[in-house]
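Remarks on the structure that follows.
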Amino acid sequence: MPVARPEPQEPRVIAHVDMDCFYVQVEQRRNPALRGQPTAVVQYNDWKGGGLIAVSYEARSFGVKRSMRGDEAKRVCPGINLVQVPVARGKADLNLYRSAGSEVVAILASKGKCERASIDEVYLDLTDAAKQMLLQSPPDSPEEIFMEAAKSNILGLPSDASEKEKNVRAWLCRPDADYEDKLLACGAIIVAQLRVRVLEETQFTCSAGIAHNKMLAKLVSGMHKPAQQTVVPSSSVQDFLASLPVKKMKQLGGKLGSSLQDDLGVETIGDLLSFTEEKLQEQYGVNTGTWLWKIARGISGEEVEDRLLPKSHGCGKTFPGPKALKNSASVKGWLDQLCEELSERIQSDLNQNKRIAQTLTLHARASKANERDSTKKFPSKSCPLRYGTGKIQEDAMKLFESGLHDFLESQNTGWSITSLSVTASKIFDIPSGTSSILRYIKGPSSAASQAIPDFSSVPEDPSLDNNVYATPIHEEKCEPSTSENEDGERYSDISAKQCPTSEEKRISKKLPEVKGTSSILKFLSRGQSALHEKRKSDGLICSPQGPGSSSEANKAEEHNVAAQRADRSNINSGTEPSASNAWMFNVEDIDPAVVEELPPEIQREIQGWIRPSKQPSTKRRGSTISSYFPPARS
DNA sequence: ACGGTTGCCACT
DNA sequence: TAGTGGCAA
1 MPVARPEPQE
11 PRVIAHVDMD
21 CFYVQVEQRR
31 NPALRGQPTA
41 VVQYNDWKGG
51 GLIAVSYEAR
61 SFGVKRSMRG
71 DEAKRVCPGI
81 NLVQVPVARG
91 KADLNLYRSA
101 GSEVVAILAS
111 KGKCERASID
121 EVYLDLTDAA
131 KQMLLQSPPD
141 SPEEIFMEAA
151 KSNILGLPSD
161 ASEKEKNVRA
171 WLCRPDADYE
181 DKLLACGAII
191 VAQLRVRVLE
201 ETQFTCSAGI
211 AHNKMLAKLV
221 SGMHKPAQQT
231 VVPSSSVQDF
241 LASLPVKKMK
251 QLGGKLGSSL
261 QDDLGVETIG
271 DLLSFTEEKL
281 QEQYGVNTGT
291 WLWKIARGIS
301 GEEVEDRLLP
311 KSHGCGKTFP
321 GPKALKNSAS
331 VKGWLDQLCE
341 ELSERIQSDL
351 NQNKRIAQTL
361 TLHARASKAN
371 ERDSTKKFPS
381 KSCPLRYGTG
391 KIQEDAMKLF
401 ESGLHDFLES
411 QNTGWSITSL
421 SVTASKIFDI
431 PSGTSSILRY
441 IKGPSSAASQ
451 AIPDFSSVPE
461 DPSLDNNVYA
471 TPIHEEKCEP
481 STSENEDGER
491 YSDISAKQCP
501 TSEEKRISKK
511 LPEVKGTSSI
521 LKFLSRGQSA
531 LHEKRKSDGL
541 ICSPQGPGSS
551 SEANKAEEHN
561 VAAQRADRSN
571 INSGTEPSAS
581 NAWMFNVEDI
591 DPAVVEELPP
601 EIQREIQGWI
611 RPSKQPSTKR
621 RGSTISSYFP
631 PARS
């Protein structure tokens, strides 16, 4: 449900930039012969010619729609070029489009705060840039207004007049305009410049909306497509919303929008104005009610986030109809493929962006053999994410088994899986300031403190995918000791690799800063626990029993966890490209003995996130796996 | 055989 | 929290 935020006092300049039929443009850049041609991008083509996921404007003029299959598109537009999405590991591979999207983001992020909203959309907060322009070089004569900006569409200005461009030029530099309108005019000029840069540097066209908030910018970015931009002056908001069908508003395209129509008789956003905030709250709850009341008035305080990268990575595939998976072997096969791709993607994210994912989630859709219309859903399951393809595959399969168990509720019926996906989420930046925090987790009394990797030595070179970043655990010294580097800082490990030189620390300054101490320690704790466990299992140290240690009840479970931990310390187990990630383990494993040595305020922080470790486990209450896996049928 | 494959968010 | 549900493109 949407939540209303207070609109900031000061007027903002917000843009929403939307790539035009993006996947098609990416393919047209790869194969310029497709330019100007009716073209669509399809994924797979064995069933009815594949599904369209992007359609060029030439093809749209023939009536080709996104919802069509390839065969249907051919019927409507026999000359259409159908380009297939690349396939890797038996599934659609969108990496080409993802990296093209990144090219665009890199350019758009240059003039202000930039938020990647999807693979082909961004929001920009251009308030500062617009203010600066207004101070230094406000638009003052129609002739000097840059060509692309002059092609803007200004909501509320007569747009079909023969004098359109002249009117727009005049609007952009009206000397008697409100301060707000002047800011928007500057925003329009900046966005026009950015769009030209995008075109010059990537060959991609895009459309944009410029307004005082995200909601309005988004609403109009697609109003004049392709390759055009639209401005929303405050003065035109009311008329615009008055006739806007509710379903066009973001968040109202689904059930909430239908309810507004069916239950309240609201057809346009303007119709909402006749309801009090209280009435809307009564109908839809406090948050949604207030949100509706505000959007009816064009109010949306949502801020543009400063984020250029996605918040999660997911890979999935559907297995429609006869393709449904009906035994665990085929599920495992596909899950392995999905996990391979996911592993590759989070590994690149780590290497290129210095980010680590913490949670692995498995989703599936399933039906039971007997019940043709079983309403029950396959539950999603998640667990801490361990790096390494083999580990992810193992854990994903365990999550699947656990989900299947819950799904079947110990009935002995057959099943079929129609979709599978794995997602890596809760992604954090690796802190740049590790060395200063390192000082807190050290000391001869804490044998567990040795495994903290020094991320300032992470190589910058993105081509070094799968390289070793932390000293492999089995190569580390086991005797605690303390040393000083040339800056006089003390480190808990004398391994040369782990004691950053001045040069390494200089490099580390280029890494992203992290806001709170908590996230830094959270991160460091991963490596700390890993080595500690390794030493325990090697009999090198005695484990100090912490306050949170196990009860009899979960002894069996804990044994399982211990076994898995031992496995983590193994170098190059199975399919691993390298065991370099042995240091990345459970946040919740941090050693209480280490915590005791920290300053009280940091201790307090840490206490909050120490919790019982939960590994993916197959809980089989009184039954075995084989009892609910039906015998494989070919 | 549902447009498939992403991705985001709020709520509990 | 992990899990569900909704929305969007």
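Here UniProt numbering is used: the first residue of the first sequence is 1, the next is one more, and so on. Yeah, the Cβ is synthetic: ideal placement off N, Cα and C, and Gly gets one too. Please read all numbers here as calculations on a predicted model, not as lab measurements.
Exposed or buried, what is residue i when buried is set at 16 or more other beta-carbons lying within 10 Å of its beta-carbon?
i	result
residue 640	Nothing in the structure corresponds to residue 640, since the chain is present only between 1 and 634.
L135	exposed
S61	exposed
Y284	buried
D20	buried
D140	exposed
L464	Residue placement at L464 is poorly supported in this model, since its pLDDT is 24, which falls under 50; the coordinates still yield a value, given next. Counting Cβ neighbours within 10 Å, L464 comes out exposed, since fewer than 16 surround it.
D71	exposed
I473	Confidence at I473 is low in this model, with a pLDDT of 19, below 50, so its placement is unreliable and the value that follows should be read with caution. Buried, by the Cβ-count rule.
R30	exposed
residue 658	The chain is shown from 1 up to 634; residue 658 falls before or after that span and cannot be answered.
M147	exposed
G187	buried
P32	exposed
R116	buried
S18	Checking the sequence, you will find Asp at residue 18 rather than Ser. Answer is buried; the Cβ neighbour count reaches 16.
S300	buried
A396	buried
G254	exposed
P384	buried
N213	buried
C206	buried
N412	exposed
V587	Low confidence applies to V587: its pLDDT is 40, below 50, so where it sits in the model is not reliable enough to give any reading.
S410	exposed
D125	buried
R169	buried
P158	exposed
G265	exposed
A4	buried
T230	buried
Run through the DSSP bridge pairs and tell me what residue i is partnered with.
i	result
Y123	H16, E115
R69	G51
V87	A92
Q43	G51
N81	T39
Quick test of your reading: residue i and residue j, contact by CB under 8 Å. State the CB separation rounded to the nearest angstrom.
i	j	result
S236	T268	That pair is no contact at about 15 Å.
A40	V64	6 Å
E180	P11	5 Å
residue 653	A369	No answer is possible for residue 653: the residues shown for the chain start at 1 and end at 634.
K182	Q337	55 Å between Cβ atoms; not a contact.
S312	S425	4 Å
A59	P78	Incorrect: roughly 11 Å between the Cβ atoms, too far for contact.
S392	L360	Checking the displayed sequence, the identity of residue 392 turns out to be Ile instead of Ser. Contact flag correct, Cβ pair sits at about 6 Å.
T202	E278	In fact, because the Cβ distance is near 49 Å, the residues do not count as touching under 8 Å.
K218	K250	6 Å
A357	I427	5 Å
V232	C315	Their Cβ separation, rounded to whole angstroms, is 38 Å, which puts V232 and C315 out of contact at 8 Å.
I210	V13	7 Å
Legend entry - beta strand (DSSP E) segments (min. 3 residues) lying fully within the segment 350 to 431: 355 to 368, 381 to 384, 415 to 429
Inset, instruction - List in chain order: all unbroken alpha helix (DSSP H) runs of 4+ residues lying wholly within the segment 154 to 217. - result: 164 to 172, 179 to 202
Legend entry - the segment 96 to 112 / the segment 191 to 208 touching (three or more Cβ pairs under 8 Å): yes
Legend entry - Cβ contact check for the segment 143 to 151 and the segment 35 to 49: 3 or more pairs under 8 Å: no
Inset, instruction - Tell me the start and end of each unbroken alpha helix (DSSP H) in the segment 272 to 357 that is at least 4 residues and wholly inside, in chain order. - result: 277 to 284, 286 to 295, 328 to 353
Inset, instruction - Examine the Cβ distances between the segment 160 to 171 and the segment 85 to 101 and report whether three or more of them are shorter than 8 Å. - result: no
Inset, instruction - List in chain order: all unbroken beta strand (DSSP E) runs of 3+ residues lying wholly within the segment 211 to 269. - result: 229 to 231
Inset, instruction - Specify whether the segment 290 to 301 and the segment 397 to 411 touch according to this definition: at least 3 beta carbon pairs, one from each stretch, less than 8 Å apart. - result: no
Legend entry - Stretch-stretch touch, CB-based, cutoff 8 Å, three pairs: the segment 237 to 256 with the segment 167 to 178: no
Inset, instruction - Say whether the segment 377 to 388 touches the segment 304 to 319, bearing in mind that this needs 3 or more beta-carbon pairs closer than 8 Å, one atom from each stretch. - result: no
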